[in-house]
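Numbering (the working numbering), first residue to last: 453 to 627.
All C-beta atoms, glycine included, are put in the ideal place defined by N, C-alpha and C.
Bear in mind the structure is a predicted one, so any value in this text is a computation, not a measurement.
These notes concern the structure reproduced below.
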């Protein structure tokens, strides 16, 4: 069954009603409603497999890219926190996950929000709220992931390694 945007909205509203009627199951209904609102086909399929939404969907490779990106920021933040001398990074906000640009990377942004807020796997990863004027981030994240691969995706990075990975985000010629 494929849903048009208007049908998806109606179903979302029905889930909102169910949340109010059945408080003991409210979290499950809320997750389904939010998945419908975001157009996250993978989550909708998990919540209600009979629904095929008409919206942006990410391939498994793209979902993996989001997971690896969040894992990278998790490693950067934990490594910096664990350093005996965490000097060199004046503003710890530099290590926060900046998110994805909503307009051109909306499906990526939705999946990242899901992983950050819903699954619990990345709930401790610090992140920034994006504004509408932000730039697309996929190219920067791909360069950062390549730089992280140099260190075998280590989770205990030195300050030099942290700088190397952060530099990759801003330098398209980084190698």
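If you draw a straight line from the Cα of residue 588 to the Cα of residue 557, it is about 7 Å long. Classified as exposed, residue 476 has fewer than 16 neighbouring CB atoms from the shown chains inside 10 Å of its CB. Looking at the backbone, the Cα of residue 551 and that of residue 603 are separated by about 23 Å.
Counting only the Cα atoms, residue 590 lies some 32 Å from residue 536.
For the set 623, 613, 464, 622, the Cα lying nearest the Cα of residue 529 is the one of 613. Ranked by how close their Cα comes to the Cα of residue 518, the residues 459, 574, 564 have 564 in first place. For the set 553, 610, 599, 609, the Cα lying nearest the Cα of residue 621 is the one of 599. Rounded to whole angstroms, the Cβ separation of residue 608 and residue 531 is 6 Å, and the two are in contact under 8 Å.
With a cutoff of 8 Å on beta-carbon distance, residue 548 and residue 572 are scored as not near each other. About 19 Å separates the beta carbon of residue 509 from that of residue 569, a gap too long to meet the 8 Å contact definition. The three-state reading of DSSP puts residue 579 in strand, counting E and B together.
Residues 478, 481, 482 of the same chain have their beta carbon placed closer than 6 Å to that of residue 471, with the five preceding and five following residues left out of the count. Secondary-structure assignment with DSSP links residue 481 through no beta bridge to anything. Judged by DSSP secondary structure, residue 457 falls within the alpha helix (DSSP H) whose first and last residues are 457-473. Comparing alpha carbon positions, the residue from 618, 526, 554, 521 closest to residue 546 is 618. Per DSSP, the beta-bridge partners of residue 549 are 579.
Closest by C-alpha distance to residue 615, out of 522, 580, 543, is 543.
For residue 596, same chain residues with a beta-carbon under 8 Å away, outside a window of 5 residues either side, are 521, 524, 617, 618, 620, 621 in chain order.
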